Amino acid sequence: MQKICRIQSSATSVEKNISYAIEHQCPQCGAPVTLGEETRFFVCGFCRVRSCISQKGFPRYYLPCSPKAPQDRQPIYLPYWRFKGVRYICSPSGITPIFTDISTLAVTDMPPQIPFSLGLRSQAMTMKVIEPDTKGKFFRPLPWATIFKETKFGLKPDERTFKEDIGETFSLIYSPFYIRQQHLIDGVTNQMLPPGKEITPDIFDLDQVRPGVETHFIAGICPGCGADLEGSGDSLALVCRNCHSLWRARGKNLAKIKFSTAAPADKDDIMLPFWRISAKVSPMTLATHADLARMANLPLAIPRNWEEKPVHFWSPAFKVRPNIFLRLLGQITSAQLEPALSQTIEDNLYQPVNLPASEAIQTIRITMAALLKPRKEILEILPKTEVTPQSISLIFLPFQSTQHDIIHPDLGIAINKKALALSDNL
37 MQKICRIQSS
47 ATSVEKNISY
57 AIEHQCPQCG
67 APVTLGEETR
77 FFVCGFCRVR
87 SCISQKGFPR
97 YYLPCSPKAP
107 QDRQPIYLPY
117 WRFKGVRYIC
127 SPSGITPIFT
137 DISTLAVTDM
147 PPQIPFSLGL
157 RSQAMTMKVI
167 EPDTKGKFFR
177 PLPWATIFKE
187 TKFGLKPDER
197 TFKEDIGETF
207 SLIYSPFYIR
217 QQHLIDGVTN
227 QMLPPGKEIT
237 PDIFDLDQVR
247 PGVETHFIAG
257 ICPGCGADLE
267 GSGDSLALVC
277 RNCHSLWRAR
287 GKNLAKIKFS
297 TAAPADKDDI
307 MLPFWRISAK
317 VSPMTLATHA
327 DLARMANLPL
337 AIPRNWEEKP
347 VHFWSPAFKV
357 RPNIFLRLLG
367 QITSAQLEPA
377 LSQTIEDNLY
387 QPVNLPASEA
397 IQTIRITMAA
407 LLKPRKEILE
417 ILPKTEVTPQ
427 SISLIFLPFQ
437 STQHDIIHPD
447 LGIAINKKAL
457 ALSDNL
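If you want it as structure tokens, here you go:
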């Protein structure tokens, strides 16, 4: 059975940034740039050029060999899958978010002395992006689903539960080894691994692969007007205040994003991004605001016009501590907001968009588990429930800024400012 190394804890208590450092080169001047694994936008410290990072599929990195490793030996790179994210466990007693960080060897039938996980070295070391001229033999990993098919982290086997992973990050990390006098040497430390099964060169007669270049750099300049784009390091949507537009990396280019903004009442209001989703839910009948009110057993008289008003699911388009994220899913969706909207970039501060639309769609069943009654019956239906998105919109809502919190003026929903500041750790 495949061994798995995991870091698992209550997500509400995770404040420590478990992010990897990746070494890149500035596409303009070639200077070395060390960035976090989720960095998508940066300004070079040498030439001050702004660049966006476009990532196709999952990122592929490698741990560099020790300087003491013999230069005449070609390293053998073995793949490790790494998963990081928040798993929401829905049970009759409630919804529990669990932070999970897992790494495991992505090939089988290896000598027992080969580490089954990366341990902490990938957090302690700066990794590199695999380039066409990177020296070494790289082996094809088994699919993620094959490696983790027997894992049910956070689930109790006999309990009626439903789970969803939100904001997850997959990456493939290669670690170097080489053989010296029938002994296996760890290329990172240049030390011999504990004696075990005798090692011969044919032990690594595996399916080799040359990882392609999946990471591309795009100039951080607005394609519409040529102005500099703005954004934080993990921003998926970059702002042009000059021509009031939003852009995101797509392939080797920037693509325009449709968005709407509810007008702020004050220049100090903070604009928070949300995804508003229209979706077909089956086999449940959940198509109108009235359906939501009845199934959530809301304590109010249902107006007639709600029978014709389509229901929308709302999700934060930003990362925040899971307990707050879960609360916002229920509060904003229950409110079924209909603010007046425009396509204007205000002069206010904008919270970065760092949760993609695809992840927001996955929150719909969590929202249903949180709102709909009775929960035990809903949990039986949710695993078989199909959610088909019909439309999705990015909407910025203004929140009033106070000393410690930001507050939605109409709903009274409050979010602690420190919780927003820590969102890049999740």
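Numbering (our numbering), first residue to last: 37 to 462. Every residue, glycine too, gets a C-beta built ideally from N, C-alpha and C. Owing to the predicted nature of the structure, the values given are computational and were not obtained by experimental measurement.
Residues that residue i bridges to, as DSSP identifies them
| i | result |
| --- | --- |
| residue 79 | 86 |
| residue 424 | 316 |
| residue 325 | Answer is none; residue 325 lacks a bridge partner. |
| residue 97 | 165, 209 |
| residue 242 | In the DSSP output, where bridge partners are listed per residue, residue 242 has none listed. |
| residue 436 | 443 |
| residue 141 | 116 |
| residue 199 | 125 |
| residue 228 | 221 |
Residues of its chain near residue i, where Cβ-Cβ distance is below 6 Å and the 5 sequence neighbours each way are ignored
| i | result |
| --- | --- |
| residue 268 | 388 |
| residue 243 | 176 |
| residue 133 | 47, 122, 124, 358 |
| residue 50 | Note that residue 50 scores 35 on pLDDT, short of 50, meaning its location in the model is unreliable and no value can be drawn from it. |
| residue 306 | 385, 435, 437, 442 |
| residue 207 | 94, 95, 118 |
| residue 273 | 282, 284, 293, 389 |
| residue 396 | 311, 351 |
| residue 228 | 219, 221 |
Delimiting residues of the beta strand (DSSP E) encompassing residue i
| i | result |
| --- | --- |
| residue 291 | 289–293 |
| residue 281 | 281–286 |
| residue 70 | 68–72 |
| residue 415 | No beta strand (DSSP E) holds residue 415; the alpha helix (DSSP H) holding it covers 411–417. |
| residue 220 | 219–222 |
| residue 57 | 57–61 |
Beta carbon of residue i nearer than 8 Å to that of residue j
| i | j | result |
| --- | --- | --- |
| residue 88 | residue 76 | yes |
| residue 174 | residue 247 | yes |
| residue 251 | residue 120 | no |
| residue 364 | residue 352 | yes |
| residue 275 | residue 290 | no |
| residue 142 | residue 116 | yes |
| residue 68 | residue 74 | no |
| residue 412 | residue 333 | no |
| residue 325 | residue 303 | no |
| residue 97 | residue 165 | yes |
| residue 315 | residue 423 | yes |
| residue 369 | residue 349 | yes |
| residue 131 | residue 402 | yes |
| residue 72 | residue 111 | no |
beta-carbon residue i near the ligand NAP non-hydrogen atom, thresh 7 Å
| i | result |
| --- | --- |
| residue 285 | Of ligands this structure carries none, so the ligand NAP is not represented either. |
Element boundaries [alpha helix (DSSP H), containing residue i]
| i | result |
| --- | --- |
| residue 361 | 358–371 |
| residue 159 | 157–160 |
| residue 181 | 180–183 |
| residue 394 | 393–398 |
Same chain, Cβ closer than 7 Å to residue i, five either side skipped, listed in chain order
| i | result |
| --- | --- |
| residue 361 | 352 |
| residue 399 | 202, 351, 365 |
| residue 287 | 90 |
| residue 226 | 102, 104, 105 |
| residue 392 | 272 |
| residue 452 | 440, 441 |
Other residues of its chain near residue i: CB distance less than 8 Å, five sequence neighbours each side excluded
| i | result |
| --- | --- |
| residue 193 | Any answer about residue 193 is weak, because its pLDDT of 49 lies below 50 and its placement is not dependable; what the coordinates show is given next. Closer than 8 Å at Cβ, skipping near neighbours: no residue. |
| residue 335 | none |
| residue 277 | 263, 266, 381, 383 |
| residue 179 | none |
- Message: Taking contact to mean 3 or more Cβ pairs, one atom from each stretch, closer than 8 Å, check whether the segment 425–437 and the segment 380–394 are in contact.
- Response: yes
- Item | contact_flag[the segment 414–433, the segment 311–318] where n(CB pairs < 8 Å) is 3 or more | yes
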